[in-house]
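A short worksheet on the structure shown next.
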Amino acid sequence: MSKPEIAKLGHFGLVSTDLEKSLWFFKEILGLEETEERDGVHYLRAWGDFEHHTLTIRQGDEAKLDHIAWRTKKPEDVEGFAKILEESGTPVTWNEEGIEAGQGKAFRFQMPSGHTLEIYYEMEKTLADPKSRSVLKNQSHKSWARGVSPRRIDHVNLLSSLPANELADFLMDKLGFQMRECVQAPDGSLVGAWLSVTALVHDIAISHDPNAASTNEVHHISYWLDNAQDLLRAADILKENGIHFVGPGKHGISQAMYIYAIDPGSGVRVEIFTNGYLIFEPDWEPIVWTLDEMDVGFTYWGDQTDTKTENNPTIKA
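In UniProt numbering, the protein residues as written are 1 to 317.
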């Protein structure tokens, strides 16, 4: 019997202490489309996302990234992953009718760090409202309807006071992720790891900071733009609307270009991301960086990304 497989990153679940500000930021400034609102939860997606949602936002007393959801390649893979996790001592919590609108059977569990992940297969491919639907049958909404207007969900970067290799090992051993790039400390431990199940350099990244507020923080969530010109356009939009941002710049790791902005409602950092490279080699060997190479690794050129905890706000995950 074949091992279960993750197909892709599905969606983020965000809790905001100021829902109105978060909806303004994600809908009007970032430009995500709202699929529906149900029981106080708002379901959003980018114009190139086909599933019912890639982001949920709800009001809460504490801002946090409630969960990160992953879609499996086959329906039976959901049960397969649950079995692997339970047999290794990781409890899972099922919701047979779907935890969210548009979603089928799914379960959630916690990584050793306390980050909550969700595994599902069934998800509605909801059609856009006729007014916002594209004439192109191969995209869900009209592009550039408003705001930055990213095409799709891209990745998530988790922050932890635990060494990155502990969490990376869990993702590789239990969920089948592959290490693509990493940053190694002199003692051999990893302070950063970039992993994926797709051809992307990373669907998920793990950042280690011994001074992090806890083991389960989130550094950023990310949405994808088509090209560098779109990133420059995004900078204008953010500036016009009074949103402070870091970038544009280019990472050495991933070779991608970035802008970081903060949602004023939840405090979550959003990376607007483009370019980079894809990995198709089945025998890919992880690229290993050292700490003294990080001037190139983190910021190849452009506005510096500050990796110090005191200058680098995070929220719980």
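Note that the Cβ used here is the ideal one computed from N, Cα and C, for glycine as well.
Quick caveat, the model's predicted, so the values are computed rather than measured.
If I'm right that Y260 touches P150 with Cβ under 8 Å, what's the distance once you round it to whole angstroms?
Not confirmed; about 14 Å, so no contact.
Which residue wins for smallest C-alpha separation from R152, given the options E181, D49, W144 and S16?
With distances taken between Cα atoms, R152 lies closest to D49.
As a quick exercise: from L278, L30, E118 and S16, pick the residue whose alpha carbon is nearest that of V268.
S16
Any idea what DSSP makes of Q229, helix, strand or coil?
helix
When the distance is taken between beta carbons, is H52 closer than 7 Å to T116?
For T116 and H52, no; Cβs fall outside 7 Å.
Could you give the C-beta distance for W289 and I253, rounded to a whole number, given that I count them as a contact under 8 Å?
7 Å
Which same chain residues, not among the five before or five after I57, have their C-beta less than 6 Å away from its C-beta?
L14, S16, S22 and H42
Using the rule of at least 16 other Cβ atoms within 10 Å of the residue's Cβ for burial, across every protein chain shown, is H11 buried or exposed?
buried
Using a Cβ-Cβ cut-off of 6 Å (strictly less than) and excluding sequence neighbours within five positions of I29, which residues of its own chain qualify?
Cβ contact annotation for I29 (same chain, cutoff 6 Å, sequence separation greater than five): G147 and N241, in chain order.
Near D66, what residues of its chain come up, given a Cβ to Cβ distance below 7 Å and the 5 sequence neighbours on each side ignored?
Excluding sequence positions up to five before and after D66, its CB lies within less than 7 Å of the CB of G13, L14, V15 and T116, all in the same chain and listed in chain order.
What are the start and end residues of each continuous beta strand (DSSP E) run of 3 or more residues lying completely inside the segment 206-281, in chain order?
With a minimum length of 3 residues, the continuous beta strand (DSSP E) runs that stay inside the segment 206-281 are 217-224, 245-250, 256-262 and 269-275.
On the three-state DSSP scale, how would you describe W24?
helix
What does DSSP give as the partner residues of E181 in its beta bridges?
Looking at the DSSP output, E181 bridges to W194 and I287.
If I measure Cβ to Cβ from E310 and keep anything under 7 Å in the same chain, skipping five residues before and after, which residues do I get?
Caution applies to E310, whose pLDDT of 42 falls short of 50 and renders its modelled position unreliable; the value that the coordinates give is listed next. Excluding residues within five positions, none has a Cβ falling inside 7 Å.
Suppose you measure from the CA of R108 to the CA of Q184; what does that come to, to the nearest Å?
30 Å
How long is the line joining the alpha carbons of T299 and A213, rounded to whole angstroms?
Cα-Cα distance, rounded: 24 Å.
Is it buried or exposed for E33, if we count other Cβ within 10 angstroms and need 16 for buried?
buried
Going along the chain, which unbroken runs of the beta strand (DSSP E) with 3 or more residues stay wholly within the UniProt domain "VOC" (8-122)?
Segments of the beta strand (DSSP E) lying fully in the UniProt domain "VOC" (8-122): 33-38, 41-45, 55-59, 64-72, 93-95, 106-110 and 116-120.
Using C-beta distances below 8 Å, list every residue in its chain close to K308, excluding the 5 sequence neighbours before and after it, in chain order.
Confidence in K308 is poor, its pLDDT being 43 and thus under 50, which makes the residue's placement too unreliable to answer from.
With a threshold of 7 Å on Cβ separation, who are the neighbours of A199 within its own chain once the five nearest residues in sequence on each side are excluded?
L278, I279 and F280
Tell me which residue opens and which closes the beta strand (DSSP E) that D154 is part of.
R152 to S160
Spell out whether any CB of chain D is found under 7 Å from the CB atom of D18.
Here there is only one protein chain, and chain D is not present.
Could you name the residues of the same chain whose beta carbon sits closer than 6 Å to that of E118, not counting the 5 residues immediately before and after it, in chain order?
H67, A69, A106 and R108
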